[in-house]
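Enquirer: Take this structure, written in structure tokens, and hold onto it; I'll ask about it next.
Numbering (the working numbering), first residue to last: 58 to 690.
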């Protein structure tokens, strides 16, 4: 079913158009990956479809009453004083219905006519269909899904950081459940758990999605259509991003063959005309001239090839077999963030260092490179070890030096050699004299990769190396790391990169680091399998119930003298069962127009919901307190 028609849409700045007039339709169930190099107009296209920016030409037309939800790259959270209030605005219609229900209940209790009872019955069913009884649970689940904690709920919107606001805005637009969802880099600021949660939400989304993202894993898993903006045109492929590369390459190859065949024909006709125009075959030459004129009118344009970086990371002299030994290592600042198990890292291993945001991944890398001292324990370096570091903050590339200066300061190269190296990373002409402080995120990342290619290190420590890289550059980096013969410690949120490259996972969880002696792809497979088993055993409960079940299992392993958490969990389950009973009774009472029972049940339902929210608050606080006490033991 078509939801939106796009008719010859384009945007121009002066005499320059971002892309040729584009026509397409968006249908229910389509999940479109919108791809293309940085700056080609992806965000602009989303804003025009959302109605947030006027096109230079063309228009969009919704089929019926189509609701569009738009998450821009720089998202603003409006409509509430706190995070909870702003996100809850996604259910403004349900909240209005709830207020009317309360007024009707009061009127029914005081005595009301049949029209009031009929209105109450109608509104009660509509309220249930809108999910009115689950608003609080849905808001809580969405905020938890994007990585917001209980402590974030009452934060004033005006005091949020950019990342906090972006996560809350993502939760709100998903809760709005529009017909068409326009998402511009929704994975920014999300940790692994939130990325997995978002992925599942988009897979279950019943409407249409138009998605711009640098997350190749998300695009490959979610999309079933691809729109590619390249060289001023938008190509449409009726296939998802994961398989579109083969189709796009085949299409380009077909166009190249047609172009080359036509060029051969043109050369042959021109040669014939030149040789026979004034001779005995002048009639045939004239015929060739007419054919040439027709070909020129419909001449096939030579397929263009986008410029790509050329990356090779040299390994230099190999290290000893044992690269690192960690003995009693504690990582942190004034106090430990986490403790590492005793381990030996051997040459050729490629390690994914993963964990929640802020858990200490970057601090671990800096401790290994001796930029930061350990809180406890020690690190033993193996023989002939030469580390090479790629930092996500890219120190040294924010000053007044030029791009060329940055390269010359790192290696003994002639200006010509330095220019040649920078050319491989798409800096040409006067671009090499650009001040590093004026570089965009993508340009700075390319300079950092160029610097990495100069260092013959046999241990790579990479901190978010795909940040700001376009999809093609991410694939090139992935290929370079697969070919690299040294050892790698890789911190990244790029799940596609981690799955392709790594052979070990160092997972930082709470106050400890857990080592898995298999790659990230296998780690994810086992994690999904464990979750599926838990859901089967528990009959697919809510995420909070899964957490409660996991906590009870942990309690059985390590009995605690304090049974507050267990008592709260039992009380929560009783309240949830009571709420289900009351909601069922409300439907029955409404069907029989039992006004006294409706009023009583409505009041009871409100009290139970209030009590449940209170128990959940106590439960989360008890879990946090218990975890804190456990960490101090």
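From the three backbone atoms N, C-alpha and C, an ideal C-beta is built for every residue, glycine too.
If you're wondering where the values come from, they're calculated on a predicted model, not measured in any experiment.
1. Does the Cβ of residue 343 have 16 or more other Cβ atoms within 10 Å, making it buried, or fewer, making it exposed?
2. Alpha carbons only, please: which of 387, 349, 557 and 77 is nearest the one belonging to residue 578?
3. Quick one: which unbroken beta strand (DSSP E) runs of 3-plus residues sit fully inside the stretch 94 to 136? Chain order, please.
4. When the Cα of residue 68 is compared with those of 61, 62 and 76, which residue comes out closest?
5. 9 angstroms is my cut-off, CB to CB: does residue 177 come that close to chain D?
6. To the nearest whole angstrom, what separates the beta carbons of residue 516 and residue 429, a pair I think is in contact under 8 angstroms?
7. How many angstroms separate the CA atom of residue 209 from the CA atom of residue 313?
8. On the DSSP letters alone, give me the boundaries of the beta strand (DSSP E) that residue 573 sits inside.
9. Who pairs with residue 384 in a beta bridge, going by DSSP?
10. Have a look at residue 690 and residue 623 and give me their C-alpha separation to the nearest angstrom.
11. By alpha-carbon positions, which one of 433, 365, 535 and 337 ends up nearest to residue 391?
12. Assign residue 287 to one of three DSSP states: helix, strand, or coil.
13. Excluding the 5 residues preceding and the 5 following residue 601 in the sequence, name in chain order all residues of the same chain whose CB lies nearer than 7 angstroms to its CB.
14. For residue 636 and residue 178, what's the separation of their Cα atoms in angstroms?
15. Tell me the rounded alpha-carbon separation between residue 236 and residue 583.
16. Do residue 203 and residue 164 come within 9 angstroms of each other at the CB atom, strictly closer than that value?
17. For residue 216, count the other beta carbons within 10 Å of its own beta carbon; 16 or more makes it buried, fewer makes it exposed. Which is it?
18. Whole angstroms is fine: what's the gap from residue 85's alpha carbon to residue 281's?
19. Please classify residue 472 as buried or exposed, where buried requires at least 16 neighbouring CB atoms within 10 angstroms.
20. Return the bridge partner residues of residue 527 from the DSSP annotation.
21. Residue 412 and residue 566 - do their beta-carbons sit closer together than 9 angstroms?
22. My output table needs one value for residue 447: the three-state DSSP class, helix, strand or coil.
23. With a Cβ-Cβ cutoff of 9 angstroms, do residue 88 and residue 266 count as a contact?
24. If you measure between the beta carbons of residue 109 and residue 78, is that distance less than 9 angstroms?
25. Take the Cβ of residue 58 as the centre, count every other Cβ of all protein chains shown within 10 Å, and call the residue buried at 16 or more, exposed below.
26. Specify the secondary structure class of residue 492 as computed by DSSP and reduced to three states.
27. In terms of residue numbering, what span does the alpha helix (DSSP H) encompassing residue 230 cover?
28. Residue range of the alpha helix (DSSP H) that residue 361 falls in?
29. From 361, 326, 150 and 337, pick the residue whose C-alpha is nearest to that of residue 347; which is it?
30. Please state the DSSP three-state secondary structure of residue 487.
31. Report the residue ranges of all alpha helix (DSSP H) runs contained in full by the stretch 525 to 563; include only those spanning at least 4 residues, in chain order.
32. When DSSP labels each residue in this structure, what does residue 203 get in the three-state scheme?
33. Indicate whether residue 520 and residue 548 have their beta-carbon atoms separated by less than 9 angstroms.
34. Under three-state DSSP, which class holds residue 184?
35. Would you mind giving the Cβ-Cβ distance between residue 461 and residue 483, rounded to the nearest angstrom? I have them listed as a contact below 8 angstroms.
36. Drop a sphere of 10 angstroms on the beta-carbon of residue 245, count the other beta-carbons inside from all chains shown, and report buried for 16 or more, exposed for fewer.
Expert: Looking at the atomic coordinates:
1. exposed
2. 557
3. 114 to 119 and 125 to 128
4. 76
5. Looking for chain D here will not work: only one protein chain is present.
6. Incorrect: roughly 17 angstroms between the Cβ atoms, too far for contact.
7. 55 angstroms
8. 569 to 573
9. 435
10. Unreliable placement is indicated for residue 690, whose pLDDT of 41 sits below 50; no coordinate value is reported for it.
11. 433
12. strand
13. Unreliable placement is indicated for residue 601, whose pLDDT of 49 sits below 50; the coordinate value is still reported in the next sentence. Cβ within range, chain order: n/a, list empty.
14. 19 angstroms
15. 35 angstroms
16. no
17. exposed
18. 12 angstroms
19. exposed
20. DSSP lists no partner for residue 527.
21. yes
22. strand
23. yes
24. no
25. exposed
26. strand
27. 219 to 232
28. Taken as a continuous stretch (DSSP letters only), residue 361 belongs to no alpha helix (DSSP H), as it is neither H nor E.
29. 326
30. helix
31. 528 to 540 and 552 to 558
32. coil
33. yes
34. helix
35. The pair is not a contact, with the Cβ atoms about 14 angstroms apart (cut-off 8 angstroms).
36. buried
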